[in-house]
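Chains as they are written, first to last, in this note's numbering: chain A, 14 to 353; chain B, 73 to 387. Glycine residues also receive a C-beta, built at the ideal position from the N, C-alpha and C atoms.
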């Protein structure tokens, strides 16, 4: 639906280029890579979705970009944002980007807002701190930010506290808070998961508006429907690694990786010929402390081959621009046309 | 926010209304327990003739039936009169409290202020350096401060600074205006409170810093100092505030042990003497006074809670 969304800047260096990003935790049994060699890039006005089960490392990828990973974690690789390497930046330098050039929308609007501070304070402090504007200017800015996310009676909401707002309103405030600094890149961590279905649709429309305004969005979700609605491209993660990447329409229309296939089959559908509850993927996601040899997905895979248990497949970019990490998928798109 | 102010007022009214039966129960129980304790205020004198004893009993209405005494006491209390002290002749209980309370109040408030400043600083420092050696030092300090009782710490301080080093007076109160007499008792009073506040604020600060909204604040690019002072401090201070209510009430009404060890003329000492001498009115008076102070401080805590947490009175 939005695959034709193009920006002139697409041709040049992308806004965000993540290369071999790994987020590693020390553990008694050695180090654990919760994010393991993830690479992708994102241009202005584009929307990239990251999907996967809980524990696949998708949210941690977001937090690592912002330098908000847990204190014990070590982040390796490269994160180029607007041509600047973010890894290794001090907090003070990162703070000039956070809230201004890169903003984050959190999963749970119930807990993402500070219950002790008014909505105004939480919005205006971004402007006051980063731009040094006066209290009244900041209030005007906060009001404008609330208007942009279509909050009813914005003046009244400014003086209220989070507990006085509904969940949908709070998520609008969270988005307003992220957008108030005019970021070029918006990172969204499960922005609709905690909301009612009707509110979810409104929040997705709101995110689409931000994208149409030129903001690049990196969206993490386990909801494939959200990705289908909003994202140009999609990355499928499993056990910290990227298994498949491509245009949303292609990946969802004709998945290459057996895991993507299984994820799509697990979505409940109302089609006549599909089981209504969806097909759950058998087995559990692997313990990050005891990943199997070879491909991390093979114990649950329907097309497992001897090579899968031995060698971990690399992410191979095919000539049609899609990328997949699977021994069972032919590297050439022409050859894969006649796969079973 | 009119609705919030309304909620606050209704909390205050509720608390004050609730305080009346509490204080009534305190008065009644103290009255009964004192009378049920063997012995009386005029039993000890060896050379008192039965006639004199009877006269004394009559003068203080101790010859009347218990119910009559109780009703008389209640009536006087309602007029703000705690009655005469039985053992400190020529003094009313009100006069004795008025004499001792300023001393205990000054000592207590100084100790509490010291404990609050140092305790919060230590606790916050520990929380920010969690599980590092400096944090372990904070935890160890607060553990020692909690387990070493006052009656051990106070004499030790006196011995070291008053007797061995001779830096400070070992006891007494001077003329009431000399700072040197106040240092040791204030420190001795403050130490256990420093420990409690450090422990409480360390735990609550660690908890507050793990709240998702702290991550939101970091994502907004706010500096650490602002996140700590504006975003984390509110949640972190609340447990300390609820501790402060009863703790301050307790400390300003006189520490029995500290006032005894340093020979300080506060109400803590009157209380001990009164209990030993069966000075019915003085014991009751001090207990009622203490109860009132606790009620007042709990009310202050409730109000502070309402100011600090916008969710109070809602839900």
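Practice problem: Just mark residue 183(A) as buried or exposed, buried being the case when its beta carbon has 16 or more other beta carbons within 10 Å. | Solution: For the purposes of this step, residue 183(A) is identified with residue 170 of the first chain, where counting begins at 1. With 16 or more other Cβ atoms within 10 Å, it is buried.
Practice problem: Could you round the C-beta distance between residue 117(A) and residue 208(A) to whole angstroms and report it? I think they count as a contact, below 8 Å. | Solution: For the purposes of this step, residue 117(A) is taken as residue 104 along the first chain, with counting starting at 1. For the purposes of this step, residue 208(A) is taken as residue 195 along the first chain, with counting starting at 1. The Cβ separation is near 17 Å, so there is no contact.
Quiz item: Considering only residues of the same chain and omitting the five flanking positions on each side of residue 87(A), which have a CB-CB separation below 6 Å?
Solution: Counting from 1 along the first chain, the entry for residue 87(A) is found at position 74. Closer than 6 Å at the Cβ level, and outside the excluded window around residue 87(A), lie 37.
Self-check item: Beta-carbon gap between residue 313(B) and residue 269(B) smaller than 8 Å
Solution: Taking the second chain and counting its residues from 1, the one referred to as residue 313(B) is at position 241. Taking the second chain and counting its residues from 1, the one referred to as residue 269(B) is at position 197. Taking 8 Å as the Cβ cut-off, residue 313(B) and residue 269(B) do not qualify as a contacting pair.
Exercise. May I ask you to verify whether the stretch 207 to 219 of chain B touches the stretch 345 to 355 of chain B, counting CB pairs closer than 8 Å and requiring at least 3?
Key: no
Exercise. Starting from the Cα of residue 214(A), find the closest Cα among 194(A), 226(A), 236(A), 41(A) and give me that residue.
Key: For the purposes of this step, residue 214(A) is taken as the residue at position 201 of the first chain. The candidate whose alpha carbon is nearest that of residue 214(A) is 236(A).
Self-check item: Cβ-based neighbour list, residue 341(A), same chain, cut-off 7 Å, excluding 5 preceding and 5 following
Solution: Translated into the one-based positions of the first chain, residue 341(A) becomes position 328. For residue 341(A), where only same-chain residues beyond five positions count, the Cβ hits under 7 Å are 271, 316, 318.
Exercise. Output, in chain order, the set of chain B residues within a Cβ distance shorter than 8 Å of residue 154(A).
Key: For the purposes of this step, residue 154(A) is identified with residue 141 of the first chain, where counting begins at 1. Simply none; closest approach about 14 Å.
Quiz item: Closest Cβ-Cβ distance between residue 126(A) and chain B: below 8 Å?
Solution: Position 113 of the first chain holds residue 126(A). Taking Cβ atoms only, chain B reaches closer than 8 Å to residue 126(A), which makes this a yes.
Quiz item: With distances taken between CB atoms, is the gap from residue 186(A) to residue 132(A) smaller than 8 Å?
Solution: Against the first chain, residue 186(A) aligns to sequence position 173. Against the first chain, residue 132(A) aligns to sequence position 119. A contact, by the Cβ cut-off of 8 Å.
Self-check item: Close Cβ partners of residue 318(B) (< 8 Å) along its chain, the five nearest in sequence each way excluded
Solution: Here residue 318(B) refers to the residue found at position 246 when the second chain is read from its first residue. 366, 369, 370.
Self-check item: Nearest residue (CA-CA) to residue 137(A), options 258(A), 143(A), 152(A), 81(A)
Solution: Looking up residue 137(A) in the first chain gives position 124. Out of 258(A), 143(A), 152(A), 81(A), 152(A) has the C-alpha closest to the C-alpha of residue 137(A).
Exercise. Specify, as a first and last residue, the run of the beta strand (DSSP E) that residue 69(A) falls within.
Key: What you label residue 69(A) is simply residue 56 of the first chain in a count that begins at 1. No beta strand (DSSP E) contains residue 69(A), which DSSP labels as neither H nor E.
Quiz prompt | Cβ distance (whole Å) where residue 177(B) is taken to contact residue 258(B) below 8 Å | solution = Residue mapping note: residue 177(B) aligns to position 105 of the second chain, counting from 1. Residue mapping note: residue 258(B) aligns to position 186 of the second chain, counting from 1. So it is not a contact: roughly 13 Å between Cβ atoms.
Exercise. Hey, could you find the ends of the beta strand (DSSP E) residue 34(A) is sitting in?
Key: To locate residue 34(A), count along the first chain from 1; it is residue 21. Element bounds for residue 34(A): 29 to 40.
Practice problem: Evaluate residue 27(A) with the Cβ neighbour count: other Cβ atoms within 10 Å of its Cβ, from every protein chain shown; 16 or more gives buried, anything less gives exposed. | Solution: By one-based count along the first chain, residue 27(A) stands at place 14. The residue is buried, with at least 16 neighbouring Cβ atoms inside 10 Å.
Self-check item: Beta-ladder partner(s) of residue 54(A), from DSSP
Solution: Here residue 54(A) refers to the residue found at position 41 when the first chain is read from its first residue. 30(A).
Quiz prompt | Contact set between residue 79(A) and chain B, taken where Cβ atoms lie within less than 7 Å | solution = For the purposes of this step, residue 79(A) is taken as residue 66 along the first chain, with counting starting at 1. Chain B residues near residue 79(A): 291.
Quiz prompt | DSSP-derived helix/strand/coil call for residue 23(A) | solution = Position 10 of the first chain, counted from the start, is the residue given in the question as residue 23(A). The pLDDT assigned to residue 23(A) is 45, lower than 50, so where the model puts this residue is not dependable, and the model offers no usable value.
Quiz item: Can you list the beta strand (DSSP E) stretches of 3 or more residues lying completely in the stretch 300 to 351 of chain A, in chain order?
Solution: none
Self-check item: For residue 281(A), the three-state DSSP class (helix, strand or coil)
Solution: Counting from one through the first chain, the residue named residue 281(A) turns up at place 268. It is coil, neither helix nor strand.
Quiz item: Is it buried or exposed for residue 102(B), if we count other Cβ within 10 angstroms and need 16 for buried?
Solution: In the second chain, the residue the question calls residue 102(B) occupies position 30. Looking at its Cβ environment, which holds 16 or more other Cβ atoms inside 10 Å, residue 102(B) is buried.
Exercise. Apply the 10 Å Cβ neighbour rule to residue 135(A) and answer buried if 16 or more other Cβ atoms are within range, or exposed otherwise.
Key: Position 122 of the first chain, counting from 1, holds the residue named residue 135(A). The residue is buried, with at least 16 neighbouring Cβ atoms inside 10 Å.
Quiz item: Run through DSSP, which three-state label would residue 360(B) get?
Solution: Translated into the one-based positions of the second chain, residue 360(B) becomes position 288. Of the three classes helix, strand and coil, the one that applies to residue 360(B) here is helix, per DSSP.
Quiz item: When DSSP labels each residue in this structure, what does residue 314(B) get in the three-state scheme?
Solution: Sequence index remark: in the second chain, residue 314(B) carries index 242 (1-based). Correct three-state label for residue 314(B): helix.
Practice problem: Under 8 Å between beta-carbons, which chain B residues line up against residue 110(A)? List them in chain order, please. | Solution: Numbered from its first residue, the first chain carries residue 110(A) at position 97. Simply 293.
Quiz item: So, is the C-beta of residue 283(B) closer than 8 Å to a C-beta in chain A?
Solution: Counted from its first residue, the second chain places residue 283(B) at position 211. Yes, because at least one Cβ of chain A sits closer than 8 Å to the Cβ of residue 283(B).
Exercise. Leaving aside the five residues before and after residue 163(B) along the sequence, list all residues of the same chain whose C-beta is less than 7 Å from its C-beta, in chain order.
Key: Translated into the one-based positions of the second chain, residue 163(B) becomes position 91. So the qualifying residues of the chain are 157.
Practice problem: Please list, in chain order, all residues of the same chain as residue 250(A) whose beta carbon is under 8 Å from its beta carbon, the five residues on each side excluded. | Solution: Residue mapping note: residue 250(A) aligns to position 237 of the first chain, counting from 1. Excluding sequence neighbours, residue 250(A) sits near 51, 63, 64, 65, 69, 70, 71, 74, 256.
Quiz prompt | Test: residue 138(A) CB closer than 8 Å to a CB of chain B | solution = By one-based count along the first chain, residue 138(A) stands at place 125. Closer than 8 Å to some Cβ of chain B, the Cβ of residue 138(A) qualifies, so yes.
Quiz item: So what does DSSP say about residue 247(B), is it helix, strand or coil?
Solution: Position 175 of the second chain, counted from the start, is the residue given in the question as residue 247(B). Coil, per DSSP.
Practice problem: Would you mind telling me which residues of chain A sit closer than 7 Å to residue 79(B), beta carbon to beta carbon, in chain order? | Solution: Residue 79(B) sits at position 7 when you count from the first residue of the second chain. Chain A residues near residue 79(B): none, gap ~12 Å exceeds 7 Å.
Quiz prompt | Per DSSP, the bridge partner or partners of residue 246(A) | solution = Indexing the first chain from 1 puts residue 246(A) at position 233. Paired residues: 61(A), 260(A).
Quiz item: In terms of residues, what are the limits of the alpha helix (DSSP H) holding residue 87(A)?
Solution: For this step, residue 87(A) is matched to residue 74 along the first chain. Residue 87(A) -> not in any alpha helix (DSSP H); beta strand (DSSP E) instead, spanning 87 to 94.
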